[in-house]
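A.B. asks:
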Amino acid sequence: MSPKYIDIHAHLNDKQFDADRDEVLKQTNNNYVWVINIGTDSKTSQYVCEMSVKNKNCFATVGIHPTDNTEEKFDLEFYYKIATTYPKIVAIGECGLDYFRINAGDSGEKHRQKELFESHIDFAAQLKKPLMIHCREAYSDLLDILTVKKREYGDLLQGNIHCFLGDVEMAKKYLNLDFSISFTGIISWARDYDETVKYVPIDKMMAETDAPYLAPIPHRGKRCEPIFISDIVKKIALIRNENENTITKKLVQNARNFFDI
């Protein structure tokens, strides 16, 4: 059955779903929602790959989040093995830069994150897979790295900037590199990003829940779930003053094309 929605970024492996994960998955299936579950280290990457085998509407990404496991190095042999074992891996990541809790003078931690991110970029280009990119308070450094790597890899380097919270000018810079941008439930309560949502071409946009985090209105304060993706898509259509059904279909097609699913 074709999906009505595709939640391109969720964490159904999270412990918040331990008590009722099967029920949540059942609801996603009943509501025709496909879900891309995100690996954030070797353990979660393995887990979401196994979820993709057991659940027809689930897909997976594999990689290391910049701050979730600061001790883990990028094990090329491990990631190559799972990337060539599980056919429903659709992207490499969640990878990127996160300076939110870094002290201003901590150049060592920034260097570690940059090296780790570059390892993901090289690996993704090798496999011809897009990147699922995390960026928090590091847009300029991230852009610098991607600009250099884009010159090296050209069209082999593709990616999505997950949970985008930049302004229009920053969005332009990523769009100029031919990257896509996805929005979460944050846009349902914060007006700061309305102009960005209006500006990003619909062909370069996708939607995500980041479940179990960032539940959109009217679910704010609750555990976020993939079926809430409909509220995010509805808000995108409202902000852009466009037909909701048209936006819904377009975002699904974008995700299917981008992740080849």
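Just add 942 to wherever you are in the sequence shown, counting from 1, and you've got our numbering.
Beta carbons are placed, not taken as given, at the ideal position from N, Cα and C, and that holds for glycine.
Keep in mind that this is a model prediction, so the values were computed, not measured.
(1) Does the Cβ of W976 have 16 or more other Cβ atoms within 10 Å, making it buried, or fewer, making it exposed?
(2) When the Cα of F1200 is compared with those of I1123, K1176, I1128, I1159, which residue comes out closest?
(3) Around the Cβ of I1144, are there at least 16 other Cβ atoms within 10 angstroms (buried) or fewer (exposed)?
(4) Could you say if the region 1003–1018 and the region 1051–1065 meet the contact criterion of at least three C-beta pairs nearer than 8 Å?
(5) Which of the three DSSP states, helix, strand or coil, is assigned to C991?
(6) Unbroken alpha helix (DSSP H) runs of length 4 or more, entirely within the region 991–1040: which are they?
(7) At the level of alpha carbons, what is the spacing between P1008 and E1057?
(8) Relative to the alpha-carbon of L1107, which residue among D1086, T1089, E1079 has its alpha-carbon at the smallest distance?
(9) Bridge partners for V1194 per DSSP, in chain order?
(10) Taking only runs of the beta strand (DSSP E) that begin and end inside the region 1042–1111, which ones reach a length of at least 3 residues, in chain order?
(11) What's the gap between the Cα of K1115 and the Cα of C1105?
(12) By DSSP's criteria, Y1221 is part of a beta bridge. Which residues make up the other side?
(13) Can you list the beta strand (DSSP E) stretches of 3 or more residues lying completely in the region 1111–1194, in chain order?
(14) Starting from Y1267, follow its DSSP beta bridges and name the residues at the other end.
(15) Using alpha carbons as the reference points, say which of E1051, G1005, T1026, F1001 lies closest to V1032.
(16) With distances taken Cα to Cα, identify the nearest neighbour of C1166 among Y1041, F959, E1186, I948.
(17) If you draw a straight line from the alpha carbon of C991 to that of V1142, how long is it in whole angstroms?
(18) Can you tell which of D1010, G1038, P1029 has the C-alpha that lies nearest to the C-alpha of N997?
(19) Let me confirm a value: D1152 is counted as buried when at least 16 other C-beta atoms fall within 10 Å, else exposed. Which label applies?
(20) Give me, in chain order, the residues of the same chain whose beta-carbon lies closer than 7 Å to that of P1158; leave out the 5 immediate sequence neighbours on both sides.
(21) Could you pull out every residue in the same chain whose Cβ sits closer than 7 Å to the Cβ of L1156, ignoring the five residues on either side in sequence?
(22) Measuring straight from C-alpha to C-alpha, what distance separates D983 and D1086?
(23) According to the neighbour-count rule (16 or more other Cβ atoms, all chains shown, within 10 Å of its Cβ), is E944 buried or exposed?
(24) Do you know offhand how far T1089's Cα is from L1119's?
(25) Return the Cβ separation of I980 and A952 in integer angstroms, given the expectation that the two are a contact with Cβ distance under 8 Å.
(26) Per DSSP, A952 is paired with what?
(27) Can you grab the Cα-Cα spacing for the pair K1023 / L1069, in whole Å?
C.D. replies: Taking the coordinates as given:
(1) buried
(2) I1123
(3) exposed
(4) yes
(5) helix
(6) 1018–1025
(7) 10 Å
(8) E1079
(9) Paired residues: none, contrary to the question.
(10) 1073–1078, 1101–1103
(11) 16 Å
(12) Only positions 943 to 1203 of the chain appear in this structure, which leaves residue 1221 out of reach.
(13) 1122–1125, 1147–1149
(14) Past the boundaries of the shown model lies residue 1267; the chain is included only from 943 to 1203, so the question cannot be answered.
(15) F1001
(16) F959
(17) 31 Å
(18) P1029
(19) buried
(20) G1127, S1130, F1170, D1173, I1174, K1177
(21) T1126, G1127, I1128, C1166
(22) 24 Å
(23) Before going on, a small fix: residue 944 reads as Ser here, not Glu. When all chains shown are included, S944 counts as exposed.
(24) 7 Å
(25) 7 Å
(26) N979
(27) 12 Å
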